[in-house]
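Before any comments, here is the structure.
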Amino acid sequence: MSEAIERGGDTWEYAPAPESTAIVRLQDRYGLFVNGEFVEPKSGKWFTTINPATEEPLAEVAEAGPEDVGLAVDSARDAYEQRWRALPGSERAKYLYRIARQLQERAREFAVLESMNGGKPIKESRDVDLPLAAAHFFYYAGWADKLEYAFPGRAPSPIGVAGQIIPWNFPMLMAAWKLAPALATGNTAVLKPAETTPLTALLLAQVIQEAELPPGVVNIVTGAGETGAALVESSVDKVAFTGSTEVGKIIRRTIAGSGKRLTLELGGKAANIVFEDAALDQAIEGVVNGIFFNQGHVCCAGSRLLVQEPVFDVLMDKLKERLQTLRVGDPLDKNTDVGAINSRAQLQKIEELVASGVQEGAEMYQAECVLPERGFWFRPTLFTGVSQSHRIAREEIFGPVLSILTFRTPEEAVEKANNSPYGLSAGVWTEKGSRILWMAERLRAGVVWANTFNRFDPASPFGGYKESGFGREGGLQGLEPYLRLDGGAP
Ligand code: NAI
Ligand code: MG
Numbered sequence: 002m003s004e005a006i007e008r009g010g011d012t013w014e015y016a017p018a019p020e021s022t023a024i025v026r027l028q029d030r031y032g033l034f035v036n037g038e039f040v041e042p043k044s045g046k047w048f049t050t051i052n053p054a055t056e057e058p059l060a061e062v063a064e065a066g067p068e069d070v071g072l073a074v075d076s077a078r079d080a081y082e083q084r085w086r087a088l089p090g091s092e093r094a095k096y097l098y099r100i101a102r103q104l105q106e107r108a109r110e111f112a113v114l115e116s117m118n119g120g121k122p123i124k125e126s127r128d129v130d131l132p133l134a135a136a137h138f139f140y141y142a143g144w145a146d147k148l149e150y151a152f153p154g155r156a157p158s159p160i161g162v163a164g165q166i167i168p169w170n171f172p173m174l175m176a177a178w179k180l181a182p183a184l185a186t187g188n189t190a191v192l193k194p195a196e197t198t199p200l201t202a203l204l205l206a207q208v209i210q211e212a213e214l215p216p217g218v219v220n221i222v223t224g225a226g227e228t229g230a231a232l233v234e235s236s237v238d239k240v241a242f243t244g245s246t247e248v249g250k251i252i253r254r255t256i257a258g259s260g261k262r263l264t265l266e267l268g269g270k271a272a273n274i275v276f277e278d279a280a281l282d283q284a285i286e287g288v289v290n291g292i293f294f295n296q297g298h299v300c301c302a303g304s305r306l307l308v309q310e311p312v313f314d315v316l317m318d319k320l321k322e323r324l325q326t327l328r329v330g331d332p333l334d335k336n337t338d339v340g341a342i343n344s345r346a347q348l349q350k351i352e353e354l355v356a357s358g359v360q361e362g363a364e365m366y367q368a369e370c371v372l373p374e375r376g377f378w379f380r381p382t383l384f385t386g387v388s389q390s391h392r393i394a395r396e397e398i399f400g401p402v403l404s405i406l407t408f409r410t411p412e413e414a415v416e417k418a419n420n421s422p423y424g425l426s427a428g429v430w431t432e433k434g435s436r437i438l439w440m441a442e443r444l445r446a447g448v449v450w451a452n453t454f455n456r457f458d459p460a461s462p463f464g465g466y467k468e469s470g471f472g473r474e475g476g477l478q479g480l481e482p483y484l485r486l487d488g489g490a491p
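Letter 371 of the sequence shown, counting from 1, is numbered 372 in the numbering used here, and no numbers are missing.
Spelled out as structure tokens, the structure:
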């Protein structure tokens, strides 16, 4: 931890600034949320969810078996057929607005719980995850009674029951990305949170109860991969998945030929491209945000930095200097920049890939910081001398590790950026507007950020090319996966 930042000879110490956890009231045990109530799992199984920054247990959470998943899907089916699909859009919107307002009112409680269960810095859960989750509900509430205008003359109607499986890197935000468009369009849902971060989804279930959403419109089944697989294999009409490419492929194989609709939002290995004419100090902030935001547990992370050769040396000096100022540690401290790695398994994956980088001959540079003794941590790390064939240039590390390559011409930048099985996002840093447009036309990525990175807005669609998946979330485009258009059978 860089306890001191030196500027012009003066040294300031940061005082600890921990956010209080008193606002969060944890239960010892959380059941499954089915048909508007918390119920004991028929499986009889429970698992412990921990705080990855301390390894301390937080609560016991139900593990849904196939029977539990079946009951949740039945409940969603009844709610769909008996109430929700026939409700006027303006009525559906009322519930979504209620949920959105509750998320704003209880934002601090949600943010603290998100950081406790997932390890992300409180300033991120407070300033990014929660405001964006609420914004997503507000945004899709606005569409609920305007679907005819969103798709004029195309007779939009809902699909039925959506099975939604989400990851652990943005637990609340991903729940919002999944539930808000599904509900706005008249579908009902069974949501499966990730096994390491179930608690904010279960707090959302309480908000949903208080909002008096009709029972069964949203069901939440906790558990790990087997629970997710049971949901995929159940009688849902649509599957929406965010997670690893590996599991995305399994899901696609499983439901092939079943008639179920599918959207997949999978991994990434985004190129963040810095041209010699870029404003370098701003670019440094974008590079740091691109890879160290949320410990690099970000599918659209700028994990490959492509630097134009003439500015490589100066950019590296600035980047190394900036790395030393990052504060790694207690996620609940308001000054923390880089929190805990989400799980032991993810830490092992990062360590394994970093070891491969060293072994394959790349040069490693790490921030000098003291890591806490308990919990899962990884130092902010840079690799130079990386070539396209290295595993650290090709595989998603999903940690605070940046692989740096160089290029000479814009054509070479495009060729290197697109030389990846993934295509989720990209960043371009340059003074020239014409070059931004030239690059954006050629980059095979769902999102291209220009002179910024990791910017999100509910009105803007997000999704991938190639092994990053298909289908879009957010914006008008995000309604389509949940609708039949052109009067298809309901
Ligand atoms: P994962 O893909 O196994 O987990 C994501 C979600 O899928 C979780 O809710 C999990 O319980 C569920 N799941 C797992 N196996 C399933 C199956 N067979 N059927 C249905 N659902 C299933 O991801 P994991 O193992 O947590 O992370 C491995 C790597 O995946 C990470 O290191 C990262 O590279 C990538 N990843 C990418 C994410 C993204 O946002 N694109 C999010 C999480 C992980
Ligand atoms: Mg997995």
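Idealized CB from N, CA, C, for every residue including glycine.
Is any heavy atom in the ligand NAI found nearer than 7 angstroms to the beta carbon of residue i?
| i | result |
| --- | --- |
| N170 | yes |
| T243 | yes |
| K350 | yes |
| E266 | yes |
| Q347 | yes |
| F379 | no |
| A394 | no |
| V371 | no |
| I51 | no |
| I342 | no |
| I252 | yes |
| A195 | yes |
| I100 | no |
| V275 | no |
Is it the case that the CB of residue i approaches a heavy atom of the ligand MG more closely than 7 angstroms?
| i | result |
| --- | --- |
| V248 | yes |
| S91 | no |
| G119 | no |
| G475 | no |
| G303 | no |
| G229 | no |
| G488 | no |
| G376 | no |
| G400 | no |
| G226 | yes |
Just to confirm, are residue i and residue j a CB contact at a threshold of 8 angstroms?
| i | j | result |
| --- | --- | --- |
| L484 | T264 | no |
| G260 | F454 | no |
| G376 | T55 | yes |
| F139 | Y96 | no |
| Y423 | G269 | yes |
| A60 | Y31 | yes |
| N336 | N170 | no |
| T189 | Y366 | no |
| A202 | P194 | yes |
| I405 | F384 | yes |
| H391 | N343 | no |
| F313 | T407 | yes |
| V113 | V25 | yes |
| T403 | I221 | Here residue 403 is Leu; the residue named in the question, Thr, does not match the sequence. No, Cβ-Cβ distance for L403 and I221 is not below 8 angstroms. |
| G476 | K121 | no |
| G479 | A156 | no |
| A145 | G90 | yes |
| V74 | V191 | yes |
I'd like the span of the alpha helix (DSSP H) that includes residue i, first residue to last.
| i | result |
| --- | --- |
| P182 | P172 to A185 |
| S357 | R345 to Q360 |
| I405 | Unbroken run through I405 is the beta strand (DSSP E), V402 to F408; no alpha helix (DSSP H). |
| W492 | Lying before the first or after the last residue shown, residue 492 is absent from the chain, which here runs from 2 to 491. |
| L203 | L200 to E211 |
| L33 | L33 -> not in any alpha helix (DSSP H); beta strand (DSSP E) instead, spanning L33 to V35. |
| V129 | First-last for V129: undefined, no H or E at that position. |
| N118 | A108 to G119 |
| D314 | F313 to Q325 |
According to DSSP, residue i sits in a beta bridge with which residue or residues?
| i | result |
| --- | --- |
| A190 | A163 and V219 |
| E57 | N52 |
| L263 | V240 |
| G571 | The structure shown does not extend to residue 571, since the chain spans only 2 to 491, so no value can be given for it. |
| N273 | L306 and G428 |
| M365 | F384 |
| A63 | W47 |
| L484 | P159 |
Counting along the chain, where does the beta strand (DSSP E) carrying residue i start and finish?
| i | result |
| --- | --- |
| I51 | W47 to N52 |
| V233 | Element bounds for V233: not the beta strand (DSSP E) but the alpha helix (DSSP H), G226 to E234. |
| F39 | E38 to V40 |
| V507 | Any property of residue 507 remains undetermined from this structure, which presents the chain solely from 2 to 491. |
| A497 | Residue 497 is absent from the structure shown; the chain starts at 2 and stops at 491. |
Say whether chain B places a C-beta atom closer than 8 angstroms to the C-beta of residue i.
| i | result |
| --- | --- |
| E64 | Any reference to chain B falls outside this structure, which holds one protein chain only. |
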